[in-house]
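Heads up: the sequence shown is residues 4 to 299, going by my numbering. Glycine included, every Cβ here is placed at the ideal spot set by N, Cα and C.
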Amino acid sequence: MIPSVSSPKICFKYSIQPFEVCNTGKTGLRFFKYRTYLIYLTSMAGLLFGTAGIPYSTPKHTTQNGIHRVAELGLDGMEIEFVRGVYMKAPDTNPVRILSDLLRIKLSAHAPYYLNFNAVEENKVKMSQHLLYQSAKMAHLCGAGSLVFHPGFYLTDSPSAAYESIRDNIRPVASRLQEEGFDITLRPEVSGKVTQFGDLKETMALCSEIPGLLPTIDFSHYHARTGKYNSYSEFSFMLSTMADYLGENAVLNMHIHVSGIDYSPRGEKQHLNLADSDFNYKELLLALRDRGCAGW
4 MIPSVSSPKI
14 CFKYSIQPFE
24 VCNTGKTGLR
34 FFKYRTYLIY
44 LTSMAGLLFG
54 TAGIPYSTPK
64 HTTQNGIHRV
74 AELGLDGMEI
84 EFVRGVYMKA
94 PDTNPVRILS
104 DLLRIKLSAH
114 APYYLNFNAV
124 EENKVKMSQH
134 LLYQSAKMAH
144 LCGAGSLVFH
154 PGFYLTDSPS
164 AAYESIRDNI
174 RPVASRLQEE
184 GFDITLRPEV
194 SGKVTQFGDL
204 KETMALCSEI
214 PGLLPTIDFS
224 HYHARTGKYN
234 SYSEFSFMLS
244 TMADYLGENA
254 VLNMHIHVSG
264 IDYSPRGEKQ
274 HLNLADSDFN
284 YKELLLALRD
294 RGCAGW
């Protein structure tokens, strides 16, 4: 049974602009109708929301303009997209960090899509390690606290064999980043395709084995991957699973992706606007609130 919404009041108002904020307590909720978005959870400000990448409405698509636009929209954060390559150099990062600090916009980053720590070819594994390291370094210099990445694909391996390969190939990168003093959390993402590494439990297990890793919980991906996990009780189960693997403190330091997704029995096909999907985001918010989730 879904609990009734009590104070703080949660209101949803569809519009072209971000959803209106309606709260009577510490948990302020902001929603917006872009195709993909992030939820940041902080113990100080409740649920914080940001875009996955530069907002579509940004006049000229640069990282700094995107940060300005996020602030204008009344949102709280932005994910810097290195998904097609690490396009920044170290000198580019200082203005980004200064601006995000000035406007109080939280930053994260997303590593290239084409990483595969289970690749057969050694050169592809080495390239994946290099790109993960470079993404983390640039993200850290920008002031981002988290780097999202996709660990790889099963290919012809069993899930258990792929897990061992991926774990062993990510571990040196995580160790190097810690040794060099980069203050950034690597966040393997729960994936939406059944061919892709990123089941909920294997993602939790990976994070439990490698220091410096915490998960990116993409609730929409997991719904697309399984055809289930789209109700208050199922979202609550996912949060409990996270706590079981990583400890209760893990739900106080969450990084979440949510979007609409079109899917098939093989999982994710394409991203959609939330209003065009079957994703039950209202019950997700209730589950997050009732669990007392927080963190950044």
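1. Tell me which residue opens and which closes the alpha helix (DSSP H) that E205 is part of.
2. Just grab the DSSP bridge partners of I264 for me.
3. Quick one: what's got a C-beta closer than 7 Å to A227's C-beta in the same chain, skipping five residues either side?
4. Inspect the CB distances between the region 231-245 and the region 167-180 and report whether three or more fall short of 8 Å.
5. What are the partner residues of E82, as DSSP defines its beta bridges?
6. Here's the rule: buried if 16 or more other CB atoms are within 10 angstroms of the residue's CB, otherwise exposed. What is H64?
7. Measuring alpha carbon to alpha carbon, tell me which residue in G88, L288, F200, I259 is nearest Y157.
8. List the whole-angstrom C-beta distance separating M207 from L249, where the pair is believed to meet the contact cut-off of C-beta under 8 Å.
9. When DSSP labels each residue in this structure, what does V151 get in the three-state scheme?
10. Would you tell me roughly how many angstroms separate the C-alpha atoms of L216 and T61, rounded to the nearest one?
11. Who pairs with Q199 in a beta bridge, going by DSSP?
12. Quick one: Cα of E205 to Cα of Y166, how far?
13. Leaving aside the five residues before and after R294 along the sequence, list all residues of the same chain whose C-beta is less than 7 Å from its C-beta, in chain order.
14. Quick one: what's T61 bridged to in DSSP?
15. Taking the C-alpha atoms as reference points, what is the distance between N283 and C145?
16. Quick check: what's the CA-CA separation for L78 versus R107?
17. Counting C-beta neighbours from all protein chains within 10 Å, is the total for S161 16 or more, i.e. buried, or is it exposed?
18. Using a threshold of 8 Å, state whether the C-beta atoms of A112 and L76 are closer than that.
19. Under 7 Å: does the beta carbon of A122 sit that close to some heavy atom of the ligand COA?
20. Using a Cβ-Cβ cutoff of less than 6 Å, which residues in the same chain neighbour G155 once the five nearest sequence positions on both sides are dropped?
21. Within 10 angstroms of its Cβ, does K300 collect 16 or more other Cβ (buried), or is it exposed?
22. Check the C-beta distance from I187 over to H143 and give it rounded, since I have them as a contact under 8 Å.
23. Rounded to the nearest angstrom, what separates M245 and V193 at their Cα positions?
24. Buried or exposed for K129, going by 16 or more other Cβ atoms inside 10 Å?
25. Report, in whole angstroms, the separation of the C-beta atoms of E82 and G53, which I expect to be a contact under 8 Å.
26. Quickly, what does DSSP pair P191 with across the bridge? List them, please.
27. Could you give the first and the last residue of the continuous alpha helix (DSSP H) run that contains M130?
Reading off the structure:
1. Where E205 is concerned, the enclosing alpha helix (DSSP H) starts and stops at 203-212.
2. I264 pairs with H274.
3. Cβ within range, chain order: G195, I264, Y266, G270, E271.
4. Taking a contact to require three or more Cβ pairs closer than 8 Å, the region 231-245 and the region 167-180 do not qualify as touching.
5. E82 pairs with A55, S111.
6. Answer is exposed; the Cβ neighbour count stays below 16.
7. When only C-alpha atoms are compared, the closest one is F200.
8. Indeed, because the Cβ distance is near 6 Å, the residues count as touching under 8 Å.
9. It is a strand residue.
10. Between L216 and T61, the alpha-carbon positions lie close to 32 Å from each other.
11. Bridge partners of Q199: F156.
12. Rounded to whole angstroms, E205 to Y166 spans 7 Å at the Cα level.
13. Cβ within range, chain order: S239, L242, V254.
14. Answer is none; T61 lacks a bridge partner.
15. Taken atom to atom, the span from the alpha-carbon of N283 to that of C145 is near 33 Å.
16. The C-alpha of R107 is placed about 10 Å away from the C-alpha of L78.
17. By the neighbour-count definition (other C-beta atoms within 10 Å, threshold 16), S161 is an exposed residue.
18. Contact: no.
19. This structure lacks the ligand COA; in fact it carries no ligand of any kind.
20. The beta carbon of G155 is closer than 6 Å to those of N119, F120, N121, I169, F200 in its chain, skipping five residues each way along the sequence.
21. The requested residue 300 does not occur in the structure, where the chain is confined to residues 4 to 299.
22. Rounded, the Cβ-Cβ distance is 4 Å, consistent with contact.
23. Their Cα atoms are separated by approximately 12 Å.
24. Counting of Cβ neighbours within 10 angstroms places K129 among the exposed residues, the total staying below 16.
25. Rounded, the Cβ-Cβ distance is 7 Å, consistent with contact.
26. P191 is bridged to F152.
27. Where M130 is concerned, the enclosing alpha helix (DSSP H) stretches over 125-145.
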